[in-house]
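Trainee:
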Amino acid sequence: MSNLEDVLKRIGEFGRYQVFLFMLLCLPSISNGCYMMAIVLLAYTPKHRCKIPGYDNDTWAVQSSYHSSLINRTIPAPDDPFYDYDRCHVYTETGTGNSSSVMTAKCSKWVYEQDTFDETVVTRENLVCSDEMKPAHAQMVYYCGVLVGDLFFGMLSDSIGRRKTILLCSICLLISSVSTAFAPEFYSFTVLEFLVGASNHGLFILVCVMGIELTGPSKRMWAGVLIHLFFPVGLLYLTGAGFILRNWKTIQLVVAVPCVVHVCLYWVIPESPRWLISQGKYKDAETILRKVATKNRKPYPEKIDLSKIEKVKPGRVWQLFTSKSLAWRTCIIFLNWFSVSQIFFGTTIHMSNLGGNFYLKFLLLAVVELPAIALTIGLLSKFGRRNVQAFFMILSGASNLLTIFTVLLGGKDFEPFTIALCCIGKLGSKGAFVAIYIFSSELFPTVVRTGGMGASSCVARIGGMSAPYIAKLGTLVGSHYGQALPLVIFGCISVTAGLFTLFLPETVNKRLPDTIDEGARFGTCKEDPNVLVKTVSYSDESEECKNTPLEQKTFL
221 MSNLEDVLKR IGEFGRYQVF LFMLLCLPSI SNGCYMMAIV LLAYTPKHRC
271 KIPGYDNDTW AVQSSYHSSL INRTIPAPDD PFYDYDRCHV YTETGTGNSS
321 SVMTAKCSKW VYEQDTFDET VVTRENLVCS DEMKPAHAQM VYYCGVLVGD
371 LFFGMLSDSI GRRKTILLCS ICLLISSVST AFAPEFYSFT VLEFLVGASN
421 HGLFILVCVM GIELTGPSKR MWAGVLIHLF FPVGLLYLTG AGFILRNWKT
471 IQLVVAVPCV VHVCLYWVIP ESPRWLISQG KYKDAETILR KVATKNRKPY
521 PEKIDLSKIE KVKPGRVWQL FTSKSLAWRT CIIFLNWFSV SQIFFGTTIH
571 MSNLGGNFYL KFLLLAVVEL PAIALTIGLL SKFGRRNVQA FFMILSGASN
621 LLTIFTVLLG GKDFEPFTIA LCCIGKLGSK GAFVAIYIFS SELFPTVVRT
671 GGMGASSCVA RIGGMSAPYI AKLGTLVGSH YGQALPLVIF GCISVTAGLF
721 TLFLPETVNK RLPDTIDEGA RFGTCKEDPN VLVKTVSYSD ESEECKNTPL
771 EQKTFL
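Counting the sequence shown from 1 gives a position; our numbering is that position plus 220.
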């Protein structure tokens with residue numbers, strides 16, 4: 221046997237034991253769904269106005285006719301009719317008697333609408349007016365933590381193993397997420413959010429890798445896709461917690477406590493045999509593979525010598541830019557990762573700026589992910605990776621662009637149509653997220669596949685970091701233009717990425733490239749439609765294909 225893939229084919233590619241382990245590895249994906257969107261609830265900004273000076277019992281809700289008249293005398297009318305009141309100023313009287321005059325001044329205390337939440341980080345810290353960008357900063361820091369966690373824990377797992385790193389991530393996530401609920405002020409909250417982002421997504425990447433490494437080659441796509449089904453489960457859990465609890469601290473604790481289960485995975489999940497073999501720990505790898513065979517009720521091939529397994533020398537990410545074709549494809553892939561992450565998270569973040577019930581919108585944007593995943597699975601093999609990726613990116617972008625008409629021309633009466641378009645956009649972005657994982661992993665040559673996927677994930681995090689600021693433009697611009705502007709930006713970038721995707725080669729049913737040279741040549745030869753592509757290997761190419769310019773090559 222020349223490689224580990226052959227061993228897995230003999231002992232079970234996705235047998236009962238691997239299914240059991242895979243289901244356990246999917247549990248952190250639920251937490252990932254919670255944490256990736258939790259800050260939308262924790263840092264929610266409700267309607268607000270200045271607190272009436274000297275009126276200790278002031279509330280957003282009008283208490284009486286006297287209270288209403290007091291608000292009218294104290295709070296200036298808004299410059300933007302989109303808002304109920306001026307949000308940052310009060311009338312103040314200067315002077316006495318006939319020489320007195322009324323002026324507007326900035327306030328330092330506010331009252332908030334409590335229909336959606338009793339308390340959030342924003343209402344506790346008064347992160348409005350001059351501090352209204354701070355919630356966006358906190359969201360950016362969280363996604364920055366995601367980027368650092370992907371890089372740090374990914375490299376650490378290559379050094380000390382997947383299993384130990386999963387334990388370390390789980391402990392860090394549990395401690396940092398519980399501590400976040402007791403953060404005394406905004407800056408400590410932001411630092412803890414960075415740690416939560418790093419440990420949460422670092423853990424998610426690790427369980428994704430483990431799930432794939434324990435699975436045989438023909439079932440690997442399913443392992444890569446099905447784990448995404450648990451992300452919206454986390455969103456549904458988060459929606460229920462927010463609706464019932466209404467307080468950011470208790471919501472954070474309810475999301476944090478289940479992470480105890482992730483810590484326990486260390487004593488149930490075995491180490492990755494692939495990693496053990498790469499470290500020369502052949503006996504440990506054989507012990508685990510024998511256990512897999514036993515649990516799957518398959519015979520273990522006794523003649524195999526794991527030390528003789530063929531190893532491919534890894535390449536470097538920069539090699540993806542050593543040829544024009546590879547560099548062009550890599551840039552398009554990176555653009556797709558940037559855009560899909562930006563629109564996926566940005567749509568949900570900006571959703572709170574749109575009209576309608578907050579929890580209903582959040583629920584719809586969570587539920588729509590389930591059919592998106594199912595639809596993607598059904599389309600990928602039938603229509604190809606490239607076409608499906610382009611379709612979902614253009615669908616998502618076009619849906620966001622169409623909100624120009626429902627927001628600017630329809631107004632409040634068309635809020636249901638705006639939310640429906642956002643849901644379609646979220647469906648498209650989720651489908652594209654699932655498709656790009658598979659498409660890009662197949663386009664990158666084997667020797668740089670891990671590095672290429674890691675770099676793609678980094679680019680995606682940059683897209684995620686930009687999303688809160690684009691969403692915040694809605695508040696800064698104000699009016700209906702502010703509602704539409706972020707969605708227009710998300711839409712334009714998404715449609716552009718989708719159109720560029722059509723320039724990439726198709727990968728379905730094709731022998732995937734292993735080396736940098738094969739990656740550069742992949743998809744450049746014109747294929748004979750009468751030949752099954754999956755039976756063609758690069759060693760089978762005709763001399764004509766090898767000796768002519770790339771654009772003139774054909775498979776025989």
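The beta carbon of each residue, even a glycine, is placed where N, CA and C say it ideally should be.
Buried or exposed: VAL322, going by 16 or more other Cβ atoms within 10 Å of its Cβ?
Mentor: exposed
Trainee: Out of ARG382, LEU393 and LEU622, which one is the CA nearest neighbour of ARG494?
Mentor: ARG382
Trainee: With a CB to CB cut of under 6 Å and the five nearest residues on each side skipped, what residues in its chain are close to PHE801?
Mentor: One cannot answer for residue 801 here, as it falls past the ends of the chain, which runs 221 to 776.
Trainee: Can you name, in chain order, every residue of its own chain whose Cβ lies under 7 Å from the Cβ of ALA505, other than the five neighbours on each side?
Mentor: So the qualifying residues of the chain are PRO493, LEU496, ILE497 and LEU526.
Trainee: Give the range of the alpha helix (DSSP H) segment to which CYS270 is assigned.
Mentor: Membership of CYS270 in any alpha helix (DSSP H) is not indicated; the residue belongs instead to the beta strand (DSSP E) covering 268-270.
Trainee: Helix, strand or coil for ASN467? Go by DSSP, reduced to three states.
Mentor: Three-state result, ASN467: strand.
Trainee: In its own chain, which residues sit with a C-beta less than 8 Å from the C-beta of PHE373, not counting the 5 before and 5 after it?
Mentor: THR385, LEU388, CYS389, ALA418, SER419, GLY422, LEU423, ILE425 and LEU426
Trainee: How close, in whole Å, do the beta carbons of PHE664 and ARG466 come, if the pair is a contact with beta carbons under 8 Å?
Mentor: The beta carbons of PHE664 and ARG466 sit about 45 Å from each other, so the pair does not count as a contact at 8 Å.
Trainee: Can at least three beta-carbon pairs, one atom from the region 328-346 and one from the region 396-410, be found at a separation below 8 Å?
Mentor: yes
Trainee: From GLN562 to ILE231, what does the alpha carbon distance come to, in whole angstroms?
Mentor: 41 Å
Trainee: Give every residue of the same chain whose Cβ lies closer than 7 Å to the Cβ of PHE612, excluding the five residues on either side of it in the sequence, and list them in chain order.
Mentor: GLY648, GLY651, ALA652 and ALA655
Trainee: Is the separation between the beta-carbon of LEU707 and that of GLY645 shorter than 9 Å?
Mentor: yes
Trainee: Secondary structure at MET353, three-state DSSP: helix, strand or coil?
Mentor: coil
Trainee: For MET360, does the count of other Cβ atoms within 10 angstroms reach 16, so buried, or fall short, so exposed?
Mentor: buried
Trainee: Spell out the partners DSSP gives MET323 in its beta bridges.
Mentor: THR312
Trainee: Using C-beta distances below 6 Å, list every residue in its chain close to ASP278, excluding the 5 sequence neighbours before and after it, in chain order.
Mentor: LYS271, ILE272 and VAL331
Trainee: Evaluate LEU580 with the Cβ neighbour count: other Cβ atoms within 10 Å of its Cβ, from every protein chain shown; 16 or more gives buried, anything less gives exposed.
Mentor: exposed
Trainee: Identify every run of the alpha helix (DSSP H) within the region 426-462, keeping only runs that are complete inside it and at least 4 residues long; order them along the chain.
Mentor: 440-446
Trainee: Look at ILE682 and PHE710 and say whether their C-beta atoms are less than 9 Å apart.
Mentor: no
Trainee: Could you give the DSSP three-state label for GLU339: helix, strand or coil?
Mentor: strand
Trainee: Rounding to the nearest angstrom, what Cα-Cα distance links TRP280 and PHE451 in this structure?
Mentor: 36 Å
Trainee: Taking the alpha helix (DSSP H) that VAL480 belongs to, which residues open and close that run?
Mentor: Following the DSSP letters along the chain, one finds VAL480 inside the alpha helix (DSSP H) bounded by residues 479-484.
Trainee: Just the Cα atoms here: how many angstroms apart are ASN252 and LEU599?
Mentor: Taking C-alpha positions only, ASN252 is separated from LEU599 by approximately 26 Å.
Trainee: Can you list, in chain order, the residues of its chain whose CB lies under 7 Å from that of GLN539, leaving out five sequence neighbours each side?
Mentor: VAL668 and ILE736
Trainee: Using CA coordinates, which residue listed in PRO688, SER616 and LEU732 is at the minimum distance from LEU719?
Mentor: SER616
Trainee: Between which two residues does the beta strand (DSSP E) containing TRP330 stretch?
Mentor: 330-332
Trainee: Nearest to TRP501 by CA position, among VAL445, ILE380, GLY460 and CYS479, is which residue?
Mentor: The question names Trp, but residue 501 is Lys in the sequence shown. Closest by alpha carbon: ILE380.
Trainee: Would DSSP call LEU732 helix, strand or coil?
Mentor: Coil at LEU732, not helix or strand.
Trainee: May I ask you to report which of helix, strand or coil DSSP gives THR542?
Mentor: coil
Trainee: CA-CA distance, THR780 and ILE291?
Mentor: In the structure as shown, the chain begins at 221 and stops at 776. Residue 780 is therefore absent and cannot be evaluated.
Trainee: Is ASN620 helix, strand or coil when you go by DSSP?
Mentor: helix
Trainee: How big is the Cα-Cα spacing for ASP748 and ASN556?
Mentor: Here the model assigns ASP748 a pLDDT of 37, short of 50, so the residue's position is not dependable and the matter cannot be decided.
Trainee: Please report the Cβ distance between VAL445 and ILE597, rounded to the nearest whole angstrom; I am assuming they are in contact, meaning their Cβ atoms lie under 8 Å.
Mentor: 6 Å
Trainee: Take GLU433 and list the residues in its own chain whose beta-carbon comes closer than 8 Å to its own, dropping the five residues that flank it on each side.
Mentor: Cβ neighbours of GLU433 beyond the five flanking positions: ARG382, SER492, PRO493, ARG494 and TRP495.
Trainee: Would you tell me roughly how many angstroms separate the C-alpha atoms of VAL753 and PHE603, rounded to the nearest one?
Mentor: Note that VAL753 scores 38 on pLDDT, short of 50, meaning its location in the model is unreliable; the coordinates nonetheless yield the value given after this. Those two C-alpha atoms are separated by around 15 Å.
Trainee: Looking at the secondary structure, which residues open and close the alpha helix (DSSP H) in which THR507 lies?
Mentor: Element bounds for THR507: 502-515.
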